[in-house]
Amino acid sequence: MVRLITQNLLSCPSKVCAYPTNFPLSFRNVERLEMVEAEFNPGFVRGFLRKLEWDALRKSAGELGNTDLPEQAPDYTKPDEVSEELLRTIHHVLLEIVVQDGQMVCPQCEHVFQIKDSIPNMLLAEHEIRK
Amino acid sequence: MSGNRPEHIAPPEVFYNATEAHKYSNNSRIQNIQAEMTYRCLELLDLPPSDEDEDIARPSYLLDIGAGSGLSGEILTEEGHEWVGMDVSGGMLEVALEREVEGDLFLADIGQGIPFRAGAFDGAISVSVLQWLCNADSTSHSPAQRLLRFFTDLFGCLSKGSRAVFQFYPESDEQVTFIMNYATKAGFGGGLCVDYPNSSKKKKFYLILFAGQPAVGAKPQVVPQGLGVEGSDRVAYEKKRERTKTRSGKRKNVKDVDWILKKKELYRARGKADVPRDSKYTARSRKARF
Ligand SMILES: [Zn+2]
Chain A
1 MVRLITQNLL SCPSKVCAYP TNFPLSFRNV ERLEMVEAEF NPGFVRGFLR
51 KLEWDALRKS AGELGNTDLP EQAPDYTKPD EVSEELLRTI HHVLLEIVVQ
101 DGQMVCPQCE HVFQIKDSIP NMLLAEHEIR K
Chain B
1 MSGNRPEHIA PPEVFYNATE AHKYSNNSRI QNIQAEMTYR CLELLDLPPS
51 DEDEDIARPS YLLDIGAGSG LSGEILTEEG HEWVGMDVSG GMLEVALERE
101 VEGDLFLADI GQGIPFRAGA FDGAISVSVL QWLCNADSTS HSPAQRLLRF
151 FTDLFGCLSK GSRAVFQFYP ESDEQVTFIM NYATKAGFGG GLCVDYPNSS
201 KKKKFYLILF AGQPAVGAKP QVVPQGLGVE GSDRVAYEKK RERTKTRSGK
251 RKNVKDVDWI LKKKELYRAR GKADVPRDSK YTARSRKARF
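Top to bottom, those sequences are chains A and B. Each residue of the first sequence is one higher than the last, beginning at 1 in the UniProt record's numbering. Each residue of the second sequence is one higher than the last, beginning at 1 in the UniProt record's numbering.
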């Protein structure tokens, strides 16, 4: 599955690219998207806040048609103060939207990573592999 | 023994073609051993306790290196974790899809690197994969280059103070030294934990790597002693094993290929076309977007 929880941590592996310009991979030509119910675990979502790149998450969610995330990132240094309503919204965005078929494209080198049956092909061509 | 090593025959994406992948995943003896080793990897990962219960590991975000047919991933899900699985064998990943595993799968060659941001994962496990990196390779890159790239990226994408645990089948002491050398170069500490070293049947190798030491004041990372060895650690460890076993009450039976085939027959009987492709999420409630 490609869910936003993972896409928000993924960057382009090509040797010509480097963080942060190779992040986030953009969704393109998404042909099949599914909603999968996942058990809500507020503790897990709270603990995950510090790992998120908020602006990237909003952008990527938008590419998948979800605009529920507020502009202001939650304060991950005070996870206990984040409302349950917002945690549920984040939970849904991170874990319940699944890209089945489509593409992820590197914003730097424009390598197209095909997603087929929910599995992205991250294999690199010889000239893209770091020495 | 070494003549039968699959990693000497062909690279994994070639060796585990669709037929081999099903054969491998369908073998109940292999499945049981894989499940047992996955639980042991999780135990050796030593994840911090959850807020609610100190005997239960905190639900974490884990990397399954060489996730294969998804058997280990099913156990990670069952234990409450989210996970990402990487594998270079499309045949194996196809089996994982048929099993309806709940992790995020990637077709990727770990020898090319691991494309995740710094500190992404709370830990990594790997069952029966590491020896592949030391051998047959479809690219012109040497095992040394591949190992160094792999460990360097792994070190980067693990959160500080976390662990990676690899069950593997080393060929020789030299191979262990070779692997450890590159892990150390990449910044890892750690070492080898051998369970039941005196039993030819039960003997298992686990490489435990520390992605840095935890914060000052926390207990330092130490490689635990293997099971079935005389020593002071053993009693404490066995006790912990008892406890972790009760986490989900009883261990569920992992879905085997027979189960999948039965399910597929059922779907066919109901007249569903294109069964393997579309049956993935039928176990869960869902709604299609497009
Ligand atoms: Zn790129």
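Using N, Cα and C, we set each Cβ at its ideal position, and we do this for glycine too. Note that the structure is predicted; figures quoted are calculated from it, not measured.
In this structure, does DSSP put residue i in helix, strand or coil?
i, result
"Asp-122(B)", "coil"
"Met-1(A)", "coil"
"Ser-26(A)", "strand"
"Tyr-196(B)", "coil"
"Glu-54(B)", "coil"
"Tyr-24(B)", "helix"
"Glu-82(B)", "strand"
"Met-180(B)", "helix"
"Glu-74(B)", "helix"
"Gln-112(B)", "helix"
"Gln-34(B)", "helix"
"Arg-46(A)", "helix"
"Ala-164(B)", "strand"
"Pro-59(B)", "coil"
"Gln-145(B)", "helix"
"Tyr-206(B)", "strand"
Quick one: is residue i buried, meaning 16 or more other Cβ sit within 10 Å of its Cβ, or exposed?
i, result
"Lys-70(A)", "One detail in the question is off: residue 70(A) reads as Pro in this sequence, not Lys. Answer is exposed; the Cβ neighbour count stays below 16."
"Glu-102(B)", "buried"
"Tyr-19(A)", "exposed"
"Val-93(A)", "buried"
"Arg-50(A)", "exposed"
"Ser-199(B)", "exposed"
"Asn-4(B)", "exposed"
"Gln-213(B)", "exposed"
"Lys-201(B)", "exposed"
"residue 132(A)", "With chain A running from 1 to 131 in the structure shown, residue 132(A) is simply not present."
"Thr-67(A)", "exposed"
"Gly-65(A)", "exposed"
"Glu-74(B)", "buried"
"Ser-60(B)", "buried"
"Ile-9(B)", "exposed"
I want to verify the contact list: residues of chain B whose CB lies under 8 Å from the CB of residue i, in sequence order.
i, result
"Pro-42(A)", "In chain order: nothing, as chain B lies at least about 10 Å away."
List the residues of chain B whose Cβ lies closer than 9 Å to the Cβ of residue i, in chain order.
i, result
"Lys-131(A)", "His-141, Gln-145, Arg-149"
"Thr-67(A)", "Residues of chain B passing the Cβ test: none, with the nearest at roughly 14 Å."
"Phe-48(A)", "Tyr-61, Glu-82"
Give the residues of chain A in contact with residue i, contact being defined as C-beta atoms less than 8 Å apart.
i, result
"Pro-115(B)", "Leu-10, Ser-11, Cys-12, Pro-13, Met-122"
Residue i touches chain A at which residues, Cβ-Cβ below 7 Å?
i, result
"Glu-78(B)", "The premise fails here: Glu-78(B) is roughly 12 Å from chain A at the closest Cβ pair, so nothing lies under 7 Å."
"residue 291(B)", "As displayed, chain B neither begins before 1 nor continues past 290, which places residue 291(B) out of reach and without an answer."
"Ala-108(B)", "Met-122, Leu-123"
"Val-84(B)", "Thr-6"
Verify the contact flag: residue i, CB atom, against every heavy atom of ligand 2, threshold strictly below 6 Å.
i, result
"His-91(A)", "With respect to ligand 2, the structure offers nothing, as its ligand set consists of ligand 1."
So which residues on chain A does residue i lean against when the C-beta distance must stay under 9 Å?
i, result
"Gln-112(B)", "Pro-13, Met-122, Leu-123, Leu-124, Glu-128, Ile-129, Arg-130"
For the segment 94 to 117 of chain A, list every residue whose C-beta sits within 7 Å of some C-beta in chain B, in sequence order.
Asp-117
Scan the segment 74 to 91 of chain A for residues whose Cβ lies nearer than 7 Å to a Cβ of chain B and list them as they occur along the chain.
none
Taking a cut of 9 Å between CB atoms, which residues from the segment 37 to 66 of chain B lie near chain A?
Ser-50, Asp-51, Glu-52, Arg-58, Pro-59, Ser-60, Tyr-61
Under 8 Å: do the segment 178 to 185 of chain B and the segment 81 to 97 of chain B share three or more Cβ pairs, one atom per stretch?
no
Within the chosen definition, does the segment 34 to 49 of chain B reach the segment 198 to 216 of chain B through at least 3 CB pairs nearer than 8 Å?
yes
How do the segment 119 to 126 of chain B and the segment 154 to 166 of chain B stand: do at least 3 beta-carbon pairs fall below 8 Å, yes or no?
yes
Contact between the segment 89 to 96 of chain B and the segment 20 to 28 of chain B is defined here as three or more beta-carbon pairs at a separation below 8 Å; is this criterion met?
yes
Cβ contact (3+ pairs, closer than 8 Å) linking the segment 49 to 67 of chain B and the segment 80 to 91 of chain A
no
May I ask you to verify whether the segment 104 to 113 of chain A touches the segment 34 to 46 of chain A, counting CB pairs closer than 8 Å and requiring at least 3?
no
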